[in-house]
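Colleague: I have a structure I would like to understand better, so I am pasting it below and will then ask my questions one at a time.
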Ligand code: ADP
Ligand code: MG
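Numbering (full-length UniProt numbering), first residue to last: 137 to 475.
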């Protein structure tokens, strides 16, 4: 019951390809804590992908359905601080006794224990006691266990006793669903095309996606208008996403359109005139080289073309560079403007 935040539930944890296994394992554990073979359950994944939300949802579900169970959520940082304080105040026994009473222990961000030998020793004993007496252990980590340097082997080998499941970057459909859910919770309606635009523009993690939605709502209320595509575009321009910190597709389109003296609208447009097709292909080539965007989303940024068009463009430019020095020079010149 301690440290659980009731706003995190399975209900508001959108399911998608990116989290299906982790979510259903979490659900199984929530329904039958300590009974399934998913003990411990370790969820890993990058920042902002929903680890804390998922394990909190598990905790809340257990609390709501098994009233006799003592559920404890604690960050590894807090666990470490409590441990250090217990040493200082000579109450280590109380500390371990307390943790050994827990029916479902949720330890968030275990990578934080890395290098902290004494804390790991104590966690090891707590873990063994809980596991032997059929209590549920749930952990999260920002990387897969094999990459958890600084964690004792005896701990890592116990992590493998149960189930390890990862969370991946949300796919497009999941991003759409998350945006819709969020807006619905706020009682805001926006057009589907705007939702799609946001889902296409923010493809890093859920936290960033939520940040964008919050900025949009703030901006909309500030200027007293509805959220439409124009407003979304304006807001997106001012938001620095992880992707923007690298070269982004807008910059590529601007630089290539300047270089060949064609408009950005033409780069994205339908015309198949040779003097437009070639710069468009160059821009797609750079989009692939300099961003993490998928072929599908590159196509999207060029007037909704499909991924095979993008593949063809990249192939064409690569071939031309081999055959024609002037193309090679041009590509190098353009590339130098990005660095
Ligand atoms: P992590 O712990 O992996 O850094 P969080 O659990 O804090 O990530 O998630 C970041 C934000 O994204 C939270 O506000 C969380 O509610 C939200 N979030 C993450 N995944 C989902 C999802 N599948 N559905 C709904 N919201 C999500
Ligand atoms: Mg977290």
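For glycine and all other residues, C-beta sits at the position ideal for the given N, C-alpha and C.
For a quick check, are the C-beta atoms of residue 439 and residue 404 less than 8 Å apart?
Modeller: yes
Colleague: On the criterion of 16 or more Cβ atoms from any shown chain inside 10 Å, does residue 200 qualify as buried, or is it exposed?
Modeller: exposed
Colleague: Verify the contact flag: residue 346, CB atom, against every heavy atom of the ligand ADP, threshold strictly below 7 Å.
Modeller: yes
Colleague: Using a Cβ-Cβ cutoff of less than 6 Å, which residues in the same chain neighbour residue 238 once the five nearest sequence positions on both sides are dropped?
Modeller: Only 206, 208 meet the Cβ criterion.
Colleague: Short of 8 Å in beta carbon distance, which residues of its chain neighbour residue 173, apart from the five on each side in sequence? Order them along the chain.
Modeller: 298, 299
Colleague: With which residues is residue 433 paired in a DSSP beta bridge?
Modeller: Per DSSP, none; premise fails for residue 433.
Colleague: Could you pull out every unbroken alpha helix (DSSP H) segment of at least 4 residues lying fully inside the UniProt region "Domain IV, binds dsDNA" (357–475), listed in chain order?
Modeller: 365–374, 385–396, 400–404, 410–426, 431–437, 443–459, 461–474
Colleague: Is residue 214 near the ligand MG - that is, is its Cβ less than 7 Å away from at least one heavy atom of it?
Modeller: no
Colleague: Could you give the first and the last residue of the continuous alpha helix (DSSP H) run that contains residue 302?
Modeller: That residue, residue 302, is in no alpha helix (DSSP H); its beta strand (DSSP E) goes 299–302.
Colleague: Pick from 285, 232, 459, 473: whose alpha carbon is nearest that of residue 422?
Modeller: Measuring from the Cα of residue 422, the nearest candidate turns out to be 473.
Colleague: May I have the straight-line CA-CA distance separating residue 333 from residue 157, to the nearest angstrom?
Modeller: 28 Å
Colleague: Is it the case that the CB of residue 314 approaches a heavy atom of the ligand ADP more closely than 7 Å?
Modeller: Inclusion of residue 314 in the 7 Å shell around the ligand ADP follows from its C-beta lying nearer than that to a non-hydrogen atom of the ligand.
Colleague: What three-state label does DSSP hand residue 238 in the structure shown?
Modeller: Reduced to three states, the DSSP call for residue 238 is coil.
Colleague: Contact check, residue 318 vs residue 344 under 8 Å by CB: the rounded distance?
Modeller: Not really, about 13 Å apart at Cβ, beyond 8 Å.
Colleague: How is residue 330 classed by DSSP in three states: helix, strand or coil?
Modeller: helix
Colleague: Taking the alpha carbon of residue 394 as the reference point, which residue from 363, 350, 469 has its own alpha carbon closest?
Modeller: Closest option to residue 394, Cα to Cα, is 469.
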